[in-house]
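Participant: Starting off with a structure, shown below.
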Amino acid sequence: MTLDKRLNFKRHITNVTKNFKKAKPILRPRVGENSKLSLGNRLLLYKSKLRPLISYASPFWSAAANMHLIGLERIQSITVRQIARQAWYIGNRNIRKDLRLLTIQEYFKSIAEKFFKKVDGITNAALLSIPSFDPLRE
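Quick note: the sequence shown, position 8, residue 20 per this note's numbering, numbers continuous.
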């Protein structure tokens with residue numbers, strides 16, 4: 013995870029995008045036009061190999077500005093369109109709906125909700141001794 017001065021995560025999202033674009037060609041023979049895999053298996057490869065690159069540590073930086081998250085949504089849409097082998101005139105929303113895929117922001121929200129539910133249920137004594145942050149107290 014890359015932090016910058018203003019904590020807007022722009023540099024981190026840029027690095028995530030670069031890493032995604034480097035990893036995507038590796039899976040091209042398996043998910044590309046000539047792949048013999050079924051749509052379900054191609055989608056499974058995306059969900060298990062590529063999407064984790066986008067969502068790493070997302071509970072912490074998912075509150076980044078929308079303009080930064082739009083780039084991640086764009087690379088997901090391009091990739092999913094190629095995996096589903098859909099024409100240019102089919103809308104991204106329709107492709108996501110047909111494949112039962114969440115948008116990047118919805119996916120990050122679900123990850124964050126699961127993460128923070130787990131944090132609330134911890135039983136580790138060392139972690140429980142850390143005082144909670146109350147912004148109204150300061």
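Where is the CB? At the ideal position from N, CA and C, for every residue including glycine.
May I have a chain-ordered list of the alpha helix (DSSP H) segments no shorter than 4 residues that lie completely inside the stretch 101 to 149?
Facilitator: You should have 104 to 111, 116 to 132, 137 to 140.
Participant: Classify Ile102 as buried or exposed, calling it buried when 16 or more other Cβ atoms lie within 10 Å of its own Cβ.
Facilitator: Exposed.
Participant: In angstroms with no decimal places, state the Cα-to-Cα distance between Leu57 and Lys17.
Facilitator: Roughly 35 angstroms separates the two Cα atoms.
Participant: Applying the 10 Å Cβ sphere with the 16-neighbour rule, what's the burial state of Leu114?
Facilitator: The residue is exposed, with fewer than 16 neighbouring Cβ atoms inside 10 Å.
Participant: Would you kindly report the start and end of the unbroken alpha helix (DSSP H) that includes Asn78?
Facilitator: Where Asn78 is concerned, the enclosing alpha helix (DSSP H) stretches over 78 to 96.
Participant: Report yes or no: do the stretch 120 to 136 and the stretch 94 to 108 share at least 3 C-beta pairs separated by less than 8 angstroms?
Facilitator: These segments do not touch.
Participant: Taking all protein chains shown into account, decide if Tyr68 is buried (16 or more other Cβ within 10 angstroms of its Cβ) or exposed.
Facilitator: It is exposed - the Cβ of Tyr68 has fewer than 16 other Cβ atoms within 10 Å.
Participant: Would you kindly report the start and end of the unbroken alpha helix (DSSP H) that includes Ser47?
Facilitator: First-last for Ser47: undefined, no H or E at that position.
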